[in-house]
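So the protein lines, in turn, are chains A and B.
Our numbering puts the first residue of the first sequence at 1, with every later residue one more than the last.
Our numbering puts the first residue of the second sequence at 386, with every later residue one more than the last.
We put the beta carbon where it would ideally sit given N, CA and C, even for glycine.
As structure tokens, the structure follows; a few thoughts come after it.
Number of protein chains: 2
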Amino acid sequence: MRGNPAPISFDEAVASIDAALRPVRAEPVPLGEASGRVLAENLCAAAPIPSANRAAVDGFAVRAEASLGAGPYNPIDLPLLAVAAGAVLPAGTDAVIALDAAEPDRSGRIGVVEAVAPGDNVEPRGAVAAEGALLAAAGTRLAIGHIGLLAAAGAATVAAIRRPRVQILCAEPALPIPDDNGPMLRAAVERDGGIVVALASLPRSQSSLAAALAAAPGDIVLVLGGTGRGADDHAAVALAAIGDLAFHGVALHPGQTAGFGRTGNGVPVVLLPGMPAACLWSYELFAGRAIRRLGGRNPALPYRAREVTVARKLVSAIGMTEICPVLLAADGKIEPLPSFAEIGLRAATLAAGFVIIPAPREGYPPGAVVTAYLYDEVRANGGRS
Amino acid sequence: MRGNPAPISFDEAVASIDAALRPVRAEPVPLGEASGRVLAENLCAAAPIPSANRAAVDGFAVRAEASLGAGPYNPIDLPLLAVAAGAVLPAGTDAVIALDAAEPDRSGRIGVVEAVAPGDNVEPRGAVAAEGALLAAAGTRLAIGHIGLLAAAGAATVAAIRRPRVQILCAEPALPIPDDNGPMLRAAVERDGGIVVALASLPRSQSSLAAALAAAPGDIVLVLGGTGRGADDHAAVALAAIGDLAFHGVALHPGQTAGFGRTGNGVPVVLLPGMPAACLWSYELFAGRAIRRLGGRNPALPYRAREVTVARKLVSAIGMTEICPVLLAADGKIEPLPSFAEIGLRAATLAAGFVIIPAPREGYPPGAVVTAYLYDEVRANGGRS
Numbered sequence: 001m002r003g004n005p006a007p008i009s010f011d012e013a014v015a016s017i018d019a020a021l022r023p024v025r026a027e028p029v030p031l032g033e034a035s036g037r038v039l040a041e042n043l044c045a046a047a048p049i050p051s052a053n054r055a056a057v058d059g060f061a062v063r064a065e066a067s068l069g070a071g072p073y074n075p076i077d078l079p080l081l082a083v084a085a086g087a088v089l090p091a092g093t094d095a096v097i098a099l100d101a102a103e104p105d106r107s108g109r110i111g112v113v114e115a116v117a118p119g120d121n122v123e124p125r126g127a128v129a130a131e132g133a134l135l136a137a138a139g140t141r142l143a144i145g146h147i148g149l150l151a152a153a154g155a156a157t158v159a160a161i162r163r164p165r166v167q168i169l170c171a172e173p174a175l176p177i178p179d180d181n182g183p184m185l186r187a188a189v190e191r192d193g194g195i196v197v198a199l200a201s202l203p204r205s206q207s208s209l210a211a212a213l214a215a216a217p218g219d220i221v222l223v224l225g226g227t228g229r230g231a232d233d234h235a236a237v238a239l240a241a242i243g244d245l246a247f248h249g250v251a252l253h254p255g256q257t258a259g260f261g262r263t264g265n266g267v268p269v270v271l272l273p274g275m276p277a278a279c280l281w282s283y284e285l286f287a288g289r290a291i292r293r294l295g296g297r298n299p300a301l302p303y304r305a306r307e308v309t310v311a312r313k314l315v316s317a318i319g320m321t322e323i324c325p326v327l328l329a330a331d332g333k334i335e336p337l338p339s340f341a342e343i344g345l346r347a348a349t350l351a352a353g354f355v356i357i358p359a360p361r362e363g364y365p366p367g368a369v370v371t372a373y374l375y376d377e378v379r380a381n382g383g384r385s
Numbered sequence: 386m387r388g389n390p391a392p393i394s395f396d397e398a399v400a401s402i403d404a405a406l407r408p409v410r411a412e413p414v415p416l417g418e419a420s421g422r423v424l425a426e427n428l429c430a431a432a433p434i435p436s437a438n439r440a441a442v443d444g445f446a447v448r449a450e451a452s453l454g455a456g457p458y459n460p461i462d463l464p465l466l467a468v469a470a471g472a473v474l475p476a477g478t479d480a481v482i483a484l485d486a487a488e489p490d491r492s493g494r495i496g497v498v499e500a501v502a503p504g505d506n507v508e509p510r511g512a513v514a515a516e517g518a519l520l521a522a523a524g525t526r527l528a529i530g531h532i533g534l535l536a537a538a539g540a541a542t543v544a545a546i547r548r549p550r551v552q553i554l555c556a557e558p559a560l561p562i563p564d565d566n567g568p569m570l571r572a573a574v575e576r577d578g579g580i581v582v583a584l585a586s587l588p589r590s591q592s593s594l595a596a597a598l599a600a601a602p603g604d605i606v607l608v609l610g611g612t613g614r615g616a617d618d619h620a621a622v623a624l625a626a627i628g629d630l631a632f633h634g635v636a637l638h639p640g641q642t643a644g645f646g647r648t649g650n651g652v653p654v655v656l657l658p659g660m661p662a663a664c665l666w667s668y669e670l671f672a673g674r675a676i677r678r679l680g681g682r683n684p685a686l687p688y689r690a691r692e693v694t695v696a697r698k699l700v701s702a703i704g705m706t707e708i709c710p711v712l713l714a715a716d717g718k719i720e721p722l723p724s725f726a727e728i729g730l731r732a733a734t735l736a737a738g739f740v741i742i743p744a745p746r747e748g749y750p751p752g753a754v755v756t757a758y759l760y761d762e763v764r765a766n767g768g769r770s
């Protein structure tokens, strides 16, 4: 490969990306749009939650002292103050009598037949969180429960890590290639929390690539194609010319010609091979990781890792980290699918997931227990309950 | 509770929702926006993929026959036809010589030093998929690999199940309640693939609720609040008056006053309690399930289910299905957090996940192995690699 003839290991490539990237800056985000965003700072309760004593059940608010001595043979008449669960206690009351423990009458009073103590059926001020209590820590990806809690805390906006802005440059070869990886990359970037600010095609010449990279806006650039060893594969040389090439060439299949570096302005650049399966996997393992890291998300693959047993031998070349698409049998064991070399992206879509076979191994024999990354969704018509 | 005094079991409630709902209709969706959408019909290859023989590696396209007899001591001169991996083979060629197995010269020819056979380094027409081959089955939720494969198949749009349109009606009580569950519900609906077409507040009277429900647009309505036993809790009565109330009251904590039914026009309606934790859990277990089912998604909870061992006793009331928030210790065992009754939504946000304790159980002793639903995301600063 031009630019750097010595491929590095998969682990070294991942370490290089991890060492180079930190989350981008924060921005204020309205709470209603903050689900799935990553908090940039600790969020603490500005005031106790709830801010006042409130009813924990539907019933009647009373001053507990006034119910002293009440019983089935000694009902005590008190003012009727109906409260719904969640409502702030009216002034002068300190307990709630549940609906079925009192008899309202038409004169606007209730007959209390059981004494209550102060605080009975009351959610006291600060019960959910005291003033200053940590509600969600910096780095938390906000889920719907956080949104509800922060709404209760009165937060109108939160400081979230900005969504990384991603530019995709497609390097078009002289002989046209029918693959169109643009829609796949756009969907992948959005899945990982990035925003595609531009998706442009340009000639696969060193000068046009260098010019586009030197002027690249955004938080990261993905260059698609032009990473191989052919006469018009200039992506790595162009990056090296206008910035730094951290690596080019990884002992990874698919994705062997992936690369990574930085422009002179410090914008990180991931070089993605143009062949669809290689594009997908170098995206997943390098570009996606970079974008998740820039966005403050968990950088790991967004798939469920599970220990599974191998039913039929998984084959791999020594010295090369290999992605092996697998099927999941009814007994929970895995078996290989035809490889990406044979059926390209279709392997990814037929598979239930994949195994990453480390470079030192020739594969895994039947009975081996390995980590599989599983695509979570099952068909609607086969839905788990 | 008004409307239906006999609570049903959690399992019966889920079965009632499942039996009532089918996916909504399909719509055409541009491929670039189809990631995460659910296919409404099988998608098959209209033509072979690839549609022509193409280079599997970077190199030089040749007619294999012309290389017969080539060797280090007998280089054969052939026309220089450089091809990038993925490019369609030029007319008259049937093999690719890899870059390092031939010497290009300045006269536009290559010296071939090793014979090749027809098809060498070629990805033949139809290798990825034959004409008519199934690319993705109806019910598949499209992931990025599908988008790439469908782009290669030339699909510009796909038939996807429409995103369910959700109306949220907040029933406001006479004594105001400070909770605002609107942002949480909106985020939850969007997470589950729905679109919030309206989020309106209205007085918690039977007449206003009945009028709003009778005129409800969309694919489903969520009524928030007014589900309890108080004097102004009219949600269930209003629904029964203008349609059918399938159930109201479930042996579930939190979420005991949830309900479900249909308007006279057949629009499904989920009744959600107003207290935040009860709102969250009746959303997750009933409304979210309904929306996921309408949208053709996997109706199961969108959390990762894992078998885990109990470290400290989980306590629950017999006769009531209970959601128990749990922490995950470093050894992978779980222990309970303060319950929702004590700290409301904060329990959901402090927890690593939750266990659903079935009604017949009093809980689980230490050592028991149970299914926990785990929130997947970890903090960015503690990211798994």
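- Scanning the segment 250–284 of chain A for uninterrupted beta strand (DSSP E) segments of 3 residues or longer gives 259–263, 268–272, listed from N- to C-terminal end.
- The beta carbons of R141(A) and E27(A) sit about 16 Å from each other, so the pair does not count as a contact at 8 Å.
- Close to D233(A), with beta-carbon spacing below 8 Å, are these residues of chain B in chain order: D443, A469.
- Non-local C-beta neighbours of G611(B) in its own chain, meaning closer than 6 Å and more than five positions away in sequence, comprise A556, R589, D618, H619, A620, ordered along the chain.
- Under the 8 Å Cβ criterion, the segment 681–699 of chain B counts as touching the segment 743–762 of chain B, having at least three qualifying pairs.
- Measuring C-alpha to C-alpha distances from I220(A) to each of C44(A), A129(A), R37(A), G194(A) identifies G194(A) as the nearest.
- Per DSSP, the unbroken alpha helix (DSSP H) holding P183(A) starts and ends at 182–191.
- Three or more beta-carbon pairs separated by less than 8 Å link the segment 205–219 of chain A to the segment 241–251 of chain A, which places the two stretches in contact.
- Identification of residues in the segment 727–743 of chain B having a C-beta nearer than 8 Å to some C-beta of chain A yields E727, I728, G729, L730, R731, A733, T734, given in sequence order.
- Here E426(B) carries a coil assignment [DSSP, helix/strand/coil].
- For R191(A), a Cβ of chain B is located within less than 9 Å of the residue's own Cβ.
- Along the segment 23–107 of chain A, the beta strand (DSSP E) occurs as fully enclosed runs of 3 or more residues at 26–30, 59–62, 76–79, 95–98, 102–104, listed in sequence order.
- If the five residues before and after A82(A) are omitted, its C-beta is found closer than 7 Å to the C-beta atoms of F60, all from its own chain and listed in chain order.
- No Cβ of chain A is located within less than 9 Å of the beta carbon of A405(B).
- Taking 9 Å as the cut-off, the Cβ atoms of L135(A) and A143(A) do not count as close.
- The Cβ of P176(A) sits closer than 9 Å to at least one Cβ of chain B.
- Counted as a single uninterrupted DSSP element, the stretch harbouring D244(A) is not any alpha helix (DSSP H) but the beta strand (DSSP E) occupying residues 243–248.
- Beta-bridge pairing by DSSP links V513(B) to no other residue.
- Taking a contact as a CB-CB distance under 8 Å, the pair F632(B) and A398(B) counts as one, their CB atoms being some 6 Å apart.
- Taking the C-beta atoms as reference points, A419(B) is found no nearer than 9 Å to A523(B).
- Annotated as proximal: V370(A) and V308(A), with beta-carbon spacing under 9 Å.
- By the Cβ rule, the segment 115–134 of chain A counts as touching the segment 89–102 of chain A, because three or more pairs are nearer than 8 Å.
- Within the segment 241–257 of chain A, no residue places its CB atom closer than 7 Å to a CB of chain B.
- Two segments are said to touch when three or more pairs of C-beta atoms, one from each, lie closer than 8 Å; by this definition the segment 322–331 of chain A touches the segment 339–353 of chain A.
- The distance from the Cβ of A437(B) to that of R491(B) is about 30 Å, inconsistent with a contact at the 8 Å cut-off.
- Check the Cα spacing between P72(A) and each of E103(A), C44(A), D58(A), P173(A): the tightest is with E103(A).
- The count of Cβ pairs closer than 8 Å, one atom from the segment 637–646 of chain B and one from the segment 660–680 of chain B, reaches three, so the stretches are in contact.
- Annotation for E322(A): the continuous beta strand (DSSP E) segment containing it runs 321–328.
- Relative to the Cα of V700(B), the nearest Cα in the group D577(B), I741(B), R674(B) belongs to I741(B).
- Taken in chain order, the members of the segment 323–342 of chain A whose beta-carbon sits within less than 9 Å of a beta-carbon on chain B are A341, E342.
- The CB of L484(B) comes closer than 8 Å to the CB of R229, G230 in chain A, given here in chain order.
- Taking the beta carbon of V128(A) as reference, the chain B residues within 8 Å of it are I728, G729, L730, R731, listed in sequence order.
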